[in-house]
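Heads up, the thing below is written out as structure tokens.
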Amino acid sequence: MWNADAVLTSESPYSHLSYTLSTDIPAIQVLPAGAGLTGLGPVLKLPRGAQIEACGAGFDDHTLKVRYADSLYYVFLEDLEIKRKSAASADA
Numbered sequence: 001m002w003n004a005d006a007v008l009t010s011e012s013p014y015s016h017l018s019y020t021l022s023t024d025i026p027a028i029q030v031l032p033a034g035a036g037l038t039g040l041g042p043v044l045k046l047p048r049g050a051q052i053e054a055c056g057a058g059f060d061d062h063t064l065k066v067r068y069a070d071s072l073y074y075v076f077l078e079d080l081e082i083k084r085k086s087a088a089s090a091d092a
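Oh and the sequence shown: position 72 is 72 in the numbering used here, straight run, nothing missing.
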């Protein structure tokens with residue numbers, strides 16, 4: 001679940017939040033492209049139980065940059081929101 005005590009930044013309303021994945025989710029690896037630029041790597045799945053940390057804005061309004069296992073990835077907010085809504089429903 002999201003760490004509500006985490007510090008937010010202006011980059012994204014989700015920046016610097018922690019999350020434990022309840023299911024596998026798709027992710028796009030962020031790769032260094034030289035000269036301080038980044039490129040997009042392969043699409044893969046982050047595994048259930050992975051501890052991810054939001055660390056910046058995504059490449060558009062529908063994505064978020066996260067850190068997992070010392071690598072950076074873009075994930076889709078929709079995939080995280082579904083998990084959050086499911087958790088909120090279970091608490092009600």
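Glycine residues also receive a C-beta, built at the ideal position from the N, C-alpha and C atoms.
Keep in mind that this is a model prediction, so the values were computed, not measured.
Asked, Found
"Buried or exposed for Leu-40, going by 16 or more other Cβ atoms inside 10 Å?", "exposed"
"Distance, Cα to Cα, Pro-32 vs Thr-63?", "18 Å"
"Within a Cβ cutoff of 7 Å, which residues of the same chain sit near Leu-44, ignoring the five residues on either side of it in sequence?", "Ala-27 and Gln-29"
"Please state whether DSSP places Leu-77 in a helix, a strand or coil.", "helix"
"On a Cα-Cα basis, can you pick out the residue from Ile-25, Glu-78 and Tyr-74 that is closest to Arg-48?", "Ile-25"
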